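J.: Have a look at the structure that comes next, please.
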Amino acid sequence: MTHSYTIAAREEKAANAAAMGITEERISQLVERFYEKIREDEMLGPVFNAIITDWPPHLARMKAFWTSIAIESGRFRGNPMVKHLAIPDIARPHFTHWLKLFDETLPEVMPSAAACQFLSERAARIADSLMTGISIHRDGQLEGLAAGSEKKETENVS
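Count the sequence shown with our numbering and you get residues 9 to 166, in order.
Take a look at the structure:
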């Protein structure tokens, strides 16, 4: 019973993503374009380029991650928290800037406002979760990112 429920839930989420125009091809384009910007970014480029020496495997993992998030592909296996904890100087401004670049890239690839909002909201939740985890494990305190709410407030102003 649980297995069939899981399959049905995945199929429903995939259908909802498809209805917004979120496809594996668009996710692939999003990841490629977004990480091209990251590599060239003044703040984030040095962080990512110091850690990632072989970009194609990283991009493949990010595509699997985002298809799992958006389309429920179930292909991603990994622990993003452990990877981010290993980056010694990563902090709130990095996550906030990452989200800004992500949000700027979404409408370049995604076909609808609904698709952009869907992925933006998930990215903000993921960033908040990672920043909270980093604060707890590395810094010994609970301090979430709250970039999602900051970002939404900024969007409402403009």
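Even for Gly, the Cβ is constructed at its ideal location relative to N, Cα and C.
Predicted model only: the values in this text are computed from it and were never measured.
How many Å lie between residue 122 and residue 143 at the Cα?
T.: Approximately 31 Å between the Cα atoms of the pair.
J.: Where does residue 61 fall in DSSP's three states?
T.: Residue 61 falls in the coil class under three-state DSSP.
J.: Under 8 Å, do residue 118 and residue 127 count as touching if we go by C-beta distance?
T.: Cβ atoms of residue 118 and residue 127: closer than 8 Å.
J.: For the putative contact between residue 104 and residue 41, defined by C-beta atoms under 8 Å, what is the C-beta separation to the nearest angstrom?
T.: Their Cβ separation, rounded to whole angstroms, is 20 Å, which puts residue 104 and residue 41 out of contact at 8 Å.
J.: Assign residue 51 to one of two classes, buried (16 or more other C-beta atoms within 10 Å of its C-beta) or exposed (fewer than that).
T.: Per the 10 Å Cβ criterion, exposed.
J.: So the alpha helix (DSSP H) residue 80 belongs to, where does it begin and stop?
T.: Neither: residue 80 is in no alpha helix (DSSP H) and is coded neither H nor E.
J.: Out of 26, 54, 48, 98, point me to the one whose CA is closest to residue 141's CA.
T.: Out of 26, 54, 48, 98, 98 has the C-alpha closest to the C-alpha of residue 141.
J.: Would you mind working out which of 28, 43, 106 sits nearest residue 67, comparing C-alpha positions?
T.: For residue 67, the nearest C-alpha among the options comes from 43.
J.: Can you look up residue 97 in the DSSP assignment and give me helix, strand or coil?
T.: Residue state, collapsed to three classes: coil.
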